[in-house]
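Counted the way UniProt numbering counts, the sequence shown spans residues 1 to 861.
For glycine and all other residues, C-beta sits at the position ideal for the given N, C-alpha and C.
Following: one structure in structure tokens, then a few remarks.
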Amino acid sequence: MLDQRIVVAFAFLLFILKFQPAFQQVETLSSPAERAALFELRSSLGIRSKEWPRKANPCLNWRGIACQNGSVSGINISGFRRTRLGSQNPQFSVDALANLTRLTTFNASRFFLPGSIPDWFGQSLGSLQLLDLRFCAIRNAIPATMGNLTNITSLYLSGNNLTGEIPSSLGQLVLLSVLDLSQNSLTGFIPESFASLGNLTRLDISSNFLAGSIPSGIGMLSKLQYLNLSSNQLSSPIPAQLGDLGKLVDLDLSFNSLSGSVPADLRGLRNLRTMLIGNNEFIGSLPVSLFPSPSQLQLVILKDNRFTGEVPDALWTMPGLRLLDISGNNFSGFLPNTTLNANATTVALNLSGNSFYGILKPILRRFSFVDLSGNYFEGKVPYYVPNNASLVSNCLQNVSNQRSLQECQSFYADRGLIFDNFGLPNSTQPPAGDTKGKSNKKVIILASVLGGVGLIALLTLIVVLLLICIRRRGTTSQRGVGVGPVPAGTSPPPPEVSINFSSLGDTFTYQQLLQATADFSDANLIKHGHSGDLYKGVLENGISIVIKRIDMQSIKKEAYLMELDFFSKVSHPRLVPLLGHCLENENEKFLVYKYMPNGDLSGSLYRKTSLEDDSLQSLDWITRLKIAIGAAEGLSCLHHECTPPIVHRSSEQGTSGPVTAICAYDVYCFGKVLLELVTGKLGMSACSEAQLKEWLEQTLPYISIYDKELVTKIVDPSLIIDEDLLEEVWAMAIVAKSCLNPKPSKRPLMRYILKALENPLKVVREENSSSARLRTTSSRGSWNAAIFGSWRSSSDVVVIAAGSSTRPEGGGSFKHSGTSNSQGSGQNGGGEHSSSHRRQSREIFPEPSTDVQDVERLGQE
């Protein structure tokens, strides 16, 4: 009996030893002070009971709390929502953290913490290894005491409104691996002390206001893999020491004022995949050694500099290259006669705005999208040039919108070359023999006769045009041209050039589509579109698709042919890709598109938080801004990169009329989408004209370039935004209002709208604290002038002047001190905007309501 007890006890001991780690996982706090600190933090930050239940074990049941050896080791409140009481007066109230002496990680990213980082942060949290305060609405300077966090390895402070200089004490954080200070308002210089951060693998201080040069000491960071210094005000040449960063993978120095030539010593960057040095002031030619073989480069953007000379052959032939953009320089020379590996394909090539010449070469066959506009290429366009290539402003044969004969002849003559005269016989040579004296009288008589005939023809043409204008004026709306609906006209004819269906994806059978959609069941119906019904489907290989089912009994044949012709010419990452088609049925046609899981804006702006919770969570502001930029990129491609321009709304509706007028209609529709993103009022674009007019009359008066706080009266209440993000919201509202100008000719072009959305803070921020001018740059301010030109040139747009007695009720006291006196084109400038008696027109004429889900979907990827 005793032996049996010994055996049982021994077995139980083995069981305990085997499962000891599992028992140890149930942690409890051994320190009452730490437990009290957690509850104090719960109260000061307004953490909801859903995340941190009061009567539960924090180590076991509190979301985001990690414990080790009876102490709190980690806190993660990323994305938490405050209680209703806590959200009424949110502050950077984290004093209780000072009592958590063994805390190693604190992640509060995207949790609203308006206020300053306290000085004690770097003194009391000595065990901290990771600090993540991204997009927390933090403001003011980074305290120098942060340099005391000597155990920290990852420091994220991006997306806030931090100001002042970067403290040099951060150079003491020798264990630091990741330092991200991007998207703030930091000034001054990059500290030389950063050379001591020998363990850094990622350094991102982009999108600030840093000046001066790039410290040569950065070249000592031998472990650095990611370096982003873009969108600052850095100047001087690139230090040659950057070539010592042998492990660097991504380099972004774009949108600065860096100058001089690119040093040949950068050839040491053999692991580089991304080289972004566009939008600077570099000069000279590219060193051949800059692009070694073999090379890992996949993305190269050198655009908008002052580079000259020829492009090194190695840059054309890199097998892994996906994008090459060298536009907006002064590169010259012929395209190379290089043969390529058949597997070497590149997504896009942009050579626009340079001085390349000669005939087009087979090197172009490796690119799926090509922009060759603004050069001097001659000869015929060969078959291997992509159908969607942009070829305007060259010297090519049988292509529209080319340079003049004189311009092309002069360019080639300056280089001692013969121009092919657009493939036509040279008719400029003088006639043989000396017959000048004998024929003078005949020439005079002939000229007189031709002149008389020409005058009669000219008068006849003027009369005809006047009659046409009078007839059109009789049918014009009383509201004026361009205010009402887009001209309906007749549908444009089908493309004259036959469509190459082999370039439009796969050919599907009707049976395949039936199987993919369960016989086009109602359960798979997405929506009834104006050009066809949309169904979701799944192919046999598991790929999700969207099928447009076009009924030829109700839709004109030209409509779907135009759509196919469009996709045969245009390819852009912001446009939903066409995967194929099924045209075998006479009465029905089917177009197959890639399925975009994010859907459209109306289905994505508000989502359920979970299946158990019926509450809705709205898209954060950063996502909304990305959606706007994505849609603007797609529309900008259609308007400005396609020849002729393609209008989004008319490409499916079959509208006609001047392209510029219908492009302005696209801009108007996009302005409504922007306003929906700001206000959260979905569906207003598709409501009746009367409802839309009423909404605009109620909303637009709260958008003023002189008063930021007014816009808070119309901002989506579900948005959690700090002072800095409010500036971006304000900027988008300003852009939206410029798009909604009742005069189509005064609306900005899509390319300017895109620039404004990419630089929202530059729309509203001042040049400096004592300036009374809106922020702009003289060399790149055309987009800024275009946006604000809309405000200055139309008295029909409601403008709230600073101090105006007609200001909407409830406006706050915060004033943006900048005025419009220095902006834009000078139209209606000066003191007009300071008058408190500026007339406000209530005649806001909305263009016809339309389904804008297609516009919204451009940015939903």
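Under the three-state reduction of DSSP output, Glu-27 falls in the coil class, being neither helix nor strand. Arg-42 counts as buried, since at least 16 other C-beta atoms from the protein chains shown sit within 10 angstroms of its C-beta. DSSP places Glu-281 in the uninterrupted beta strand (DSSP E) bounded by 281 to 284. Sixteen is the threshold: since fewer than 16 other Cβ atoms of the shown chains lie within 10 Å of the Cβ of Gly-246, the residue is exposed. In the structure shown, Met-275 falls within a strand segment according to DSSP collapsed to helix, strand and coil. In this structure, DSSP gives Lys-594 an extended state, which the three-state scheme calls strand. Taking each of Leu-692, Pro-53, Phe-112 and Asp-707 in turn and checking the Cα distance to Asp-132, the smallest one comes out for Phe-112. With fewer than three CB-CB distances shorter than 8 Å, the region 84 to 94 does not count as touching the region 55 to 66. In the structure shown, the three-state DSSP call for Glu-34 is helix. Our two residues, Asp-722 and Ala-137, have alpha carbons roughly 5 Å apart in a direct line.
Excluding the 5 residues flanking it on each side, Gln-183 has same chain C-beta neighbours closer than 6 Å at Ser-158, Gly-159 and Ser-207, in chain order.
Taking the CA atoms as reference points, Arg-403 sits about 41 Å from Arg-270. By the Cβ-count criterion, Leu-85 is exposed, with fewer than 16 other Cβ atoms from all chains shown falling within 10 Å of its own Cβ. Looking at Leu-591, Gln-515 and Asp-519, the one whose alpha-carbon comes closest to that of Gly-529 is Leu-591.
Of all C-beta pairs linking the region 616 to 635 to the region 380 to 391, fewer than three are shorter than 8 Å, placing the two stretches out of contact. When rounded, the separation of the alpha-carbon atoms in Asn-76 and Leu-210 is 31 Å. Bounds of the alpha helix (DSSP H) holding Leu-315 are 313 to 317. Below 8 Å, enough C-beta pairs join the region 262 to 269 and the region 231 to 240 to call them touching: three or more. In the DSSP annotation of this structure, the continuous segment of the beta strand (DSSP E) that includes Ala-66 starts and ends at 65 to 68.
Contact annotation: Leu-335 and Gly-320 have beta-carbon atoms that are not nearer than 8 Å. Asp-371 is positioned such that its CB atom lies closer than 8 Å to that of Ser-390.
CA-CA distance, Leu-625 to Arg-267, rounds to 37 Å. The shortest C-alpha to C-alpha distance from Leu-424 to any of Gln-409, Ser-410, Gln-397 and Leu-417 is the one to Gln-397. Between the region 693 to 713 and the region 745 to 762 there are fewer than three inter-stretch CB-CB distances shorter than 8 Å, so the stretches are not counted as touching. Put simply, the backbone Cα of Cys-642 is about 35 Å away from that of Pro-292.
Just measuring C-alpha positions, the residue of Phe-356, Met-732, Leu-513 and Asp-313 sitting nearest Glu-584 is Leu-513. Inclusion of Leu-504 and Gly-580 in the CB contact set at 8 Å is warranted, their separation being smaller than that value. Beta-carbon to beta-carbon, Ser-127 and Asn-151 are separated by about 6 Å, close enough to satisfy the 8 Å threshold.
Of the candidates Tyr-702, Ala-37 and Phe-135, Ala-37 places its Cα closest to the Cα of Arg-102. A straight-line Cα-Cα distance of about 22 Å links Lys-737 and Cys-637. In this structure, Arg-134 and Ser-109 form a Cβ contact; the two beta carbons are roughly 4 Å apart against a cut-off of 8 Å. DSSP, read as helix, strand or coil, puts Phe-189 in coil. In the structure shown, the three-state DSSP call for Glu-40 is helix.
Annotation for Cys-582: no alpha helix (DSSP H) segment contains it, though the beta strand (DSSP E) segment containing it runs 578 to 582. Under the three-state reduction of DSSP, Leu-761 is assigned to helix. The alpha-carbon of Leu-203 is positioned some 12 Å away from that of Ala-195.
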